[in-house]
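Q: The structure that follows is given in the form of structure tokens.
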Amino acid sequence: MKRLSDYRIIRSTEGCPIEKWETNQGEIVRCRTLISGKQTPSEGLTVGLAEISINAVVPQQGHSQIENQIYFILEGQGTLHGPSKNIRVAKGDTIYIPGGTEHHITNTGEETLRSLYVFDTDAFSDVEYNKKFPNKD
Numbered sequence: 006m007k008r009l010s011d012y013r014i015i016r017s018t019e020g021c022p023i024e025k026w027e028t029n030q031g032e033i034v035r036c037r038t039l040i041s042g043k044q045t046p047s048e049g050l051t052v053g054l055a056e057i058s059i060n061a062v063v064p065q066q067g068h069s070q071i072e073n074q075i076y077f078i079l080e081g082q083g084t085l086h087g088p089s090k091n092i093r094v095a096k097g098d099t100i101y102i103p104g105g106t107e108h109h110i111t112n113t114g115e116e117t118l119r120s121l122y123v124f125d126t127d128a129f130s131d132v133e134y135n136k137k138f139p140n141k142d
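Numbering (my numbering), first residue to last: 6 to 142.
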């Protein structure tokens, strides 16, 4: 039987490298992966922090990946763009995105939109995108 003390991971965002999704027009979103099997002693889940600034580039289309995904909005407000409808999201909202569903979130507020993201896979590098943002540099 595994003990909780065997799996305690405490990781500050300050120690995590920033990964950016950008186009030639500018930044769409920046991410910091907090829990990922190739960076931390973990398995089955990947967790990180995503930030969309108030002047972020709005992609013309979304992205999708094979894995299921959850977003928890920590700060700000925005719009979740899905294949059949758009939904307003704000601080405190939890969003479940089934694998294979095209989506993206835009910031519609007056502050940076921050969300926690979770994928049901061991490592961020294992996330298998069906469709990425266009013009990713």
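Idealized CB from N, CA, C, for every residue including glycine.
Examine the Cβ distances between the segment 44 to 51 and the segment 105 to 114 and report whether three or more of them are shorter than 8 Å.
A: no
Q: Can you list, in chain order, the residues of its chain whose CB lies under 8 Å from that of Thr84, leaving out five sequence neighbours each side?
A: Asn91, Ile92, Arg93, Val94, Ile110, Thr111, Thr113
Q: Could you give the first and the last residue of the continuous beta strand (DSSP E) run that contains Ile71?
A: Careful: Ile71 lies outside any beta strand (DSSP E) and carries neither H nor E.
Q: Beta-carbon within less than 6 Å of Ser58's beta-carbon, same chain only, minus the 5 sequence neighbours each way: which residues are those?
A: Thr117
Q: Out of curiosity, what's the CA-to-CA distance linking Ser69 and Arg16?
A: 27 Å
Q: Grouping DSSP H, G and I as helix and E and B as strand, with all else coil, what is Glu24?
A: Strand.
Q: Say whether the segment 67 to 82 touches the segment 37 to 49, bearing in mind that this needs 3 or more beta-carbon pairs closer than 8 Å, one atom from each stretch.
A: no
Q: Pick out whichever of Ser130, Ile23, Gly67 has its Cα sitting closest to the Cα of Arg35.
A: Ile23
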